[in-house]
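Each remark here refers to the structure printed beneath this line.
In the numbering used here, the protein residues as written are 676 to 955.
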(Lines of atoms letter the chains of each structure in order from A and count residues from 1; the text may use other names and numbers.)
(Lines give C-alpha, C1' and ligand atoms only; values in the text may rest on other atoms or scores of the structure.)
Protein backbone atom coordinates (compact mmCIF):
# COMPACT_ATOMS: atom_id res chain seq x y z
CA UNK A 1 0.00 0.00 0.00
CA UNK A 2 2.88 2.33 0.76
CA UNK A 3 4.23 1.75 -2.74
CA UNK A 4 0.82 2.60 -4.20
CA UNK A 5 0.76 5.90 -2.33
CA UNK A 6 4.36 6.73 -3.21
CA UNK A 7 3.75 5.99 -6.90
CA UNK A 8 0.62 8.14 -6.97
CA UNK A 9 2.29 10.98 -5.07
CA UNK A 10 5.27 11.03 -7.44
CA UNK A 11 3.02 11.09 -10.49
CA UNK A 12 0.71 13.75 -9.03
CA UNK A 13 3.66 16.09 -8.52
CA UNK A 14 4.81 15.68 -12.12
CA UNK A 15 1.29 16.03 -13.53
CA UNK A 16 1.00 19.34 -11.69
CA UNK A 17 4.17 20.54 -13.44
CA UNK A 18 2.72 19.57 -16.81
CA UNK A 19 -0.52 21.39 -16.00
CA UNK A 20 1.56 24.48 -15.22
CA UNK A 21 3.17 24.22 -18.67
CA UNK A 22 -0.20 23.87 -20.42
CA UNK A 23 -1.65 26.76 -18.42
CA UNK A 24 1.34 28.93 -19.35
CA UNK A 25 0.79 28.11 -23.02
CA UNK A 26 -2.87 29.09 -22.80
CA UNK A 27 -2.07 32.32 -20.97
CA UNK A 28 0.30 33.36 -23.79
CA UNK A 29 -1.97 32.61 -26.73
CA UNK A 30 -2.04 36.32 -27.62
CA UNK A 31 1.66 36.98 -26.90
CA UNK A 32 3.57 38.06 -30.00
CA UNK A 33 6.09 35.46 -31.15
CA UNK A 34 5.46 33.11 -28.21
CA UNK A 35 6.43 29.47 -28.74
CA UNK A 36 4.49 26.81 -26.89
CA UNK A 37 6.25 24.28 -24.69
CA UNK A 38 5.64 20.56 -24.69
CA UNK A 39 6.31 18.21 -21.77
CA UNK A 40 7.96 14.80 -22.14
CA UNK A 41 7.74 12.14 -19.44
CA UNK A 42 9.96 9.21 -18.51
CA UNK A 43 9.63 6.33 -16.06
CA UNK A 44 11.20 6.42 -12.63
CA UNK A 45 13.07 3.43 -11.19
CA UNK A 46 11.28 0.08 -11.18
CA UNK A 47 11.93 -3.40 -9.84
CA UNK A 48 12.02 -6.43 -12.10
CA UNK A 49 10.59 -9.67 -10.69
CA UNK A 50 11.46 -12.76 -12.71
CA UNK A 51 8.64 -15.01 -11.58
CA UNK A 52 8.71 -17.56 -14.42
CA UNK A 53 9.87 -20.86 -12.98
CA UNK A 54 9.42 -22.70 -16.28
CA UNK A 55 10.55 -20.48 -19.21
CA UNK A 56 9.32 -23.06 -21.74
CA UNK A 57 5.74 -22.24 -20.78
CA UNK A 58 6.24 -18.58 -21.72
CA UNK A 59 7.17 -19.12 -25.37
CA UNK A 60 3.95 -17.66 -26.81
CA UNK A 61 3.80 -14.76 -24.35
CA UNK A 62 3.44 -11.38 -26.09
CA UNK A 63 4.31 -9.13 -23.15
CA UNK A 64 7.83 -8.91 -21.68
CA UNK A 65 8.76 -11.62 -19.20
CA UNK A 66 8.55 -10.89 -15.51
CA UNK A 67 6.70 -8.29 -13.48
CA UNK A 68 7.85 -4.69 -13.25
CA UNK A 69 6.86 -2.71 -10.18
CA UNK A 70 7.60 0.99 -10.57
CA UNK A 71 7.27 4.16 -8.51
CA UNK A 72 5.68 6.48 -11.08
CA UNK A 73 6.86 8.83 -13.81
CA UNK A 74 8.66 12.15 -13.93
CA UNK A 75 8.84 15.14 -16.24
CA UNK A 76 11.98 14.53 -18.31
CA UNK A 77 12.05 17.91 -20.06
CA UNK A 78 9.86 20.65 -21.47
CA UNK A 79 10.88 21.54 -24.99
CA UNK A 80 10.03 24.57 -27.10
CA UNK A 81 7.93 23.80 -30.17
CA UNK A 82 9.40 26.09 -32.81
CA UNK A 83 6.71 25.84 -35.48
CA UNK A 84 5.90 29.06 -37.32
CA UNK A 85 2.99 31.13 -36.04
CA UNK A 86 0.55 32.98 -38.26
CA UNK A 87 1.41 36.51 -39.40
CA UNK A 88 -0.67 39.59 -38.66
CA UNK A 89 -0.24 42.67 -40.83
CA UNK A 90 0.12 45.87 -38.81
CA UNK A 91 1.10 48.50 -41.43
CA UNK A 92 3.73 49.73 -38.96
CA UNK A 93 7.29 50.11 -40.26
CA UNK A 94 8.97 49.02 -37.00
CA UNK A 95 7.08 45.73 -36.76
CA UNK A 96 9.27 42.84 -37.96
CA UNK A 97 8.16 39.22 -38.23
CA UNK A 98 10.70 36.42 -38.58
CA UNK A 99 9.37 33.92 -41.11
CA UNK A 100 11.96 31.16 -40.67
CA UNK A 101 11.72 28.57 -37.92
CA UNK A 102 14.41 28.60 -35.26
CA UNK A 103 15.55 32.20 -35.84
CA UNK A 104 15.44 34.79 -33.03
CA UNK A 105 16.27 38.45 -32.52
CA UNK A 106 19.05 39.28 -30.07
CA UNK A 107 18.25 41.68 -27.24
CA UNK A 108 20.17 42.94 -24.21
CA UNK A 109 18.88 42.39 -20.69
CA UNK A 110 20.36 44.29 -17.76
CA UNK A 111 20.23 42.28 -14.53
CA UNK A 112 21.63 42.36 -11.02
CA UNK A 113 24.64 40.34 -12.15
CA UNK A 114 25.32 42.44 -15.26
CA UNK A 115 24.04 42.33 -18.82
CA UNK A 116 23.21 39.22 -20.82
CA UNK A 117 22.12 38.48 -24.38
CA UNK A 118 18.58 37.12 -24.66
CA UNK A 119 16.53 35.92 -27.61
CA UNK A 120 12.98 36.69 -28.73
CA UNK A 121 10.63 36.31 -31.69
CA UNK A 122 8.70 39.44 -30.69
CA UNK A 123 9.44 41.93 -33.47
CA UNK A 124 7.40 44.87 -32.16
CA UNK A 125 10.18 47.47 -32.00
CA UNK A 126 10.08 51.04 -30.75
CA UNK A 127 12.39 54.05 -30.54
CA UNK A 128 13.27 55.41 -27.12
CA UNK A 129 15.26 58.65 -26.72
CA UNK A 130 18.75 58.46 -25.26
CA UNK A 131 19.49 62.14 -25.73
CA UNK A 132 18.27 65.09 -27.74
CA UNK A 133 20.02 63.75 -30.84
CA UNK A 134 19.93 59.96 -30.41
CA UNK A 135 17.28 57.23 -30.21
CA UNK A 136 17.67 53.55 -29.34
CA UNK A 137 15.76 50.64 -30.88
CA UNK A 138 14.06 48.61 -28.13
CA UNK A 139 11.41 45.93 -27.61
CA UNK A 140 7.94 46.65 -26.26
CA UNK A 141 9.35 45.99 -22.77
CA UNK A 142 12.26 48.40 -23.25
CA UNK A 143 15.09 45.91 -23.89
CA UNK A 144 17.69 47.18 -26.41
CA UNK A 145 17.79 45.41 -29.77
CA UNK A 146 21.30 44.24 -30.69
CA UNK A 147 23.02 44.29 -34.05
CA UNK A 148 25.15 41.48 -35.46
CA UNK A 149 28.08 42.60 -33.25
CA UNK A 150 25.99 42.56 -30.05
CA UNK A 151 25.87 46.36 -29.86
CA UNK A 152 22.63 48.26 -29.09
CA UNK A 153 21.11 49.79 -32.24
CA UNK A 154 20.86 53.58 -32.24
CA UNK A 155 19.72 56.16 -34.78
CA UNK A 156 19.59 59.93 -34.93
CA UNK A 157 16.54 61.72 -33.61
CA UNK A 158 15.51 62.90 -37.10
CA UNK A 159 14.51 59.47 -38.47
CA UNK A 160 11.66 59.73 -40.97
CA UNK A 161 11.03 56.13 -42.00
CA UNK A 162 12.36 52.57 -41.86
CA UNK A 163 12.68 49.93 -44.57
CA UNK A 164 13.59 46.26 -44.10
CA UNK A 165 15.98 44.93 -46.72
CA UNK A 166 17.31 41.46 -47.48
CA UNK A 167 19.42 39.59 -44.91
CA UNK A 168 17.80 41.42 -41.98
CA UNK A 169 19.22 44.81 -42.88
CA UNK A 170 17.27 47.77 -41.46
CA UNK A 171 17.53 51.00 -43.45
CA UNK A 172 16.61 54.27 -41.73
CA UNK A 173 15.80 57.36 -43.81
CA UNK A 174 16.36 60.76 -42.21
CA UNK A 175 14.40 63.97 -42.74
CA UNK A 176 17.18 65.38 -44.93
CA UNK A 177 17.11 62.33 -47.22
CA UNK A 178 20.27 60.67 -45.88
CA UNK A 179 20.18 57.00 -44.87
CA UNK A 180 21.69 54.79 -42.19
CA UNK A 181 21.69 50.98 -42.36
CA UNK A 182 22.28 48.39 -39.66
CA UNK A 183 22.20 44.58 -39.59
CA UNK A 184 19.75 43.25 -37.03
CA UNK A 185 21.29 40.63 -34.75
CA UNK A 186 19.77 37.21 -35.46
CA UNK A 187 20.64 33.73 -34.23
CA UNK A 188 19.47 30.28 -35.25
CA UNK A 189 18.56 28.03 -32.32
CA UNK A 190 19.45 24.40 -33.06
CA UNK A 191 18.77 22.83 -29.64
CA UNK A 192 15.88 24.67 -28.04
CA UNK A 193 15.74 22.23 -25.11
CA UNK A 194 18.73 24.04 -23.62
CA UNK A 195 16.96 27.42 -23.51
CA UNK A 196 15.21 28.77 -20.44
CA UNK A 197 12.36 31.26 -20.25
CA UNK A 198 13.68 34.48 -18.70
CA UNK A 199 10.42 36.42 -18.52
CA UNK A 200 9.07 39.23 -20.72
CA UNK A 201 8.88 36.85 -23.69
CA UNK A 202 12.66 36.32 -23.64
CA UNK A 203 14.70 33.13 -23.86
CA UNK A 204 18.26 32.63 -22.70
CA UNK A 205 20.97 30.08 -22.07
CA UNK A 206 21.06 28.55 -18.57
CA UNK A 207 23.69 29.87 -16.18
CA UNK A 208 25.19 26.38 -15.87
CA UNK A 209 25.58 25.86 -19.61
CA UNK A 210 29.29 25.11 -19.10
CA UNK A 211 28.40 22.22 -16.78
CA UNK A 212 26.14 20.58 -19.37
CA UNK A 213 29.10 19.53 -21.56
CA UNK A 214 27.41 21.13 -24.56
CA UNK A 215 29.24 23.93 -26.41
CA UNK A 216 27.21 27.06 -27.05
CA UNK A 217 27.99 26.61 -30.76
CA UNK A 218 25.99 23.37 -30.71
CA UNK A 219 22.97 25.14 -29.20
CA UNK A 220 22.81 28.23 -31.43
CA UNK A 221 24.52 29.81 -34.42
CA UNK A 222 25.11 33.52 -34.94
CA UNK A 223 23.81 34.41 -38.41
CA UNK A 224 26.66 36.68 -39.49
CA UNK A 225 28.52 37.07 -42.77
CA UNK A 226 27.43 34.61 -45.48
CA UNK A 227 25.00 32.98 -43.03
CA UNK A 228 22.82 36.09 -43.16
CA UNK A 229 21.44 34.75 -46.44
CA UNK A 230 19.38 32.38 -44.28
CA UNK A 231 17.54 35.24 -42.53
CA UNK A 232 13.91 35.61 -43.53
CA UNK A 233 11.77 38.51 -42.27
CA UNK A 234 8.67 40.46 -43.19
CA UNK A 235 8.17 44.13 -42.39
CA UNK A 236 4.91 45.64 -41.08
CA UNK A 237 3.82 42.30 -39.66
CA UNK A 238 4.00 40.44 -36.36
CA UNK A 239 4.14 36.71 -35.73
CA UNK A 240 1.37 35.38 -33.53
CA UNK A 241 1.91 32.61 -30.99
CA UNK A 242 1.80 29.02 -32.21
CA UNK A 243 -0.51 27.95 -29.36
CA UNK A 244 -3.53 25.92 -30.50
CA UNK A 245 -6.24 26.56 -27.90
CA UNK A 246 -8.28 23.48 -28.80
CA UNK A 247 -5.21 21.26 -28.48
CA UNK A 248 -4.22 22.81 -25.15
CA UNK A 249 -7.76 22.42 -23.78
CA UNK A 250 -7.80 18.75 -24.81
CA UNK A 251 -4.42 18.25 -23.14
CA UNK A 252 -5.63 19.98 -19.99
CA UNK A 253 -8.74 17.78 -19.78
CA UNK A 254 -6.62 14.64 -20.16
CA UNK A 255 -4.26 15.89 -17.45
CA UNK A 256 -7.14 16.58 -15.08
CA UNK A 257 -8.46 13.06 -15.63
CA UNK A 258 -5.03 11.58 -14.98
CA UNK A 259 -4.69 13.71 -11.86
CA UNK A 260 -8.12 12.58 -10.67
CA UNK A 261 -7.21 8.93 -11.31
CA UNK A 262 -3.99 9.19 -9.30
CA UNK A 263 -5.79 11.00 -6.48
CA UNK A 264 -8.40 8.25 -6.43
CA UNK A 265 -5.70 5.60 -6.12
CA UNK A 266 -4.39 7.32 -2.98
CA UNK A 267 -7.90 7.36 -1.52
CA UNK A 268 -8.50 3.68 -2.30
CA UNK A 269 -5.10 2.69 -0.86
CA UNK A 270 -5.94 4.60 2.32
CA UNK A 271 -9.28 2.81 2.61
CA UNK A 272 -7.63 -0.59 2.13
CA UNK A 273 -5.03 0.21 4.80
CA UNK A 274 -7.88 1.18 7.11
CA UNK A 275 -9.58 -2.15 6.50
CA UNK A 276 -6.35 -4.03 7.20
CA UNK A 277 -5.79 -2.12 10.43
CA UNK A 278 -9.36 -2.89 11.47
CA UNK A 279 -8.97 -6.67 11.17
CA UNK A 280 -9.11 -8.36 14.56
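C-beta: ideal position from N, C-alpha, C; glycine also.
Could you spell out where the beta strand (DSSP E) holding residue i opens and where it closes?
{"i": "residue 718", "result": "712 to 718"}
{"i": "residue 763", "result": "762 to 764"}
{"i": "residue 956", "result": "Residue coverage of the chain in this structure runs from 676 to 955, which leaves residue 956 outside it and unanswerable."}
{"i": "residue 869", "result": "Neither: residue 869 is in no beta strand (DSSP E) and is coded neither H nor E."}
{"i": "residue 915", "result": "Neither: residue 915 is in no beta strand (DSSP E) and is coded neither H nor E."}
Taking DSSP as the reference, what is the three-state secondary structure of residue i?
{"i": "residue 702", "result": "helix"}
{"i": "residue 774", "result": "coil"}
{"i": "residue 803", "result": "strand"}
{"i": "residue 692", "result": "helix"}
{"i": "residue 743", "result": "strand"}
{"i": "residue 730", "result": "helix"}
{"i": "residue 686", "result": "helix"}
{"i": "residue 793", "result": "strand"}
{"i": "residue 880", "result": "coil"}
Per DSSP, what are the beta-bridge partners of residue i in this structure?
{"i": "residue 670", "result": "A query on residue 670 cannot be resolved here, the shown segment of the chain reaching from 676 to 955 and no further."}
{"i": "residue 680", "result": "Bridge partners of residue 680: none, in fact."}
{"i": "residue 909", "result": "772"}
{"i": "residue 755", "result": "712"}
{"i": "residue 827", "result": "821"}
{"i": "residue 854", "result": "848"}
{"i": "residue 864", "result": "895"}
{"i": "residue 786", "result": "789"}
Find out if the Cβ-Cβ distance for the pair residue i, residue j is shorter than 8 Å.
{"i": "residue 830", "j": "residue 810", "result": "yes"}
{"i": "residue 870", "j": "residue 878", "result": "yes"}
{"i": "residue 916", "j": "residue 705", "result": "yes"}
{"i": "residue 821", "j": "residue 860", "result": "yes"}
{"i": "residue 755", "j": "residue 914", "result": "no"}
{"i": "residue 873", "j": "residue 793", "result": "yes"}
{"i": "residue 837", "j": "residue 768", "result": "yes"}
{"i": "residue 687", "j": "residue 938", "result": "yes"}
{"i": "residue 843", "j": "residue 908", "result": "yes"}
{"i": "residue 700", "j": "residue 918", "result": "yes"}
{"i": "residue 858", "j": "residue 708", "result": "no"}
Could you name the residues of the same chain whose beta carbon sits closer than 8 Å to that of residue i, not counting the 5 residues immediately before and after it, in chain order?
{"i": "residue 678", "result": "744 and 746"}
{"i": "residue 726", "result": "741 and 742"}
{"i": "residue 691", "result": "934"}
{"i": "residue 819", "result": "782, 783, 811, 812, 813, 827 and 828"}
{"i": "residue 961", "result": "Limits of the chain in this structure are 676 at one end and 955 at the other, which puts residue 961 out of reach."}
{"i": "residue 689", "result": "716, 747, 748, 749 and 750"}
For the alpha helix (DSSP H) that residue i lies in, which residues bound it at each end?
{"i": "residue 939", "result": "920 to 952"}
{"i": "residue 894", "result": "891 to 894"}
Less than 6 Å between C-beta atoms, sequence neighbours within five positions excluded: which residues of the same chain meet that for residue i?
{"i": "residue 802", "result": "810"}
{"i": "residue 734", "result": "none"}
{"i": "residue 777", "result": "757, 863 and 864"}
{"i": "residue 904", "result": "none"}
{"i": "residue 682", "result": "746 and 747"}
Beta-carbon within less than 7 Å of residue i's beta-carbon, same chain only, minus the 5 sequence neighbours each way: which residues are those?
{"i": "residue 835", "result": "848, 849 and 850"}
{"i": "residue 693", "result": "714, 750 and 930"}
Can you determine whether any heavy atom of the ligand SAH sits closer than 7 Å to the C-beta of residue i, and answer yes or no?
{"i": "residue 831", "result": "As presented, the structure is devoid of all ligands, the ligand SAH included, so that no description of it is given."}
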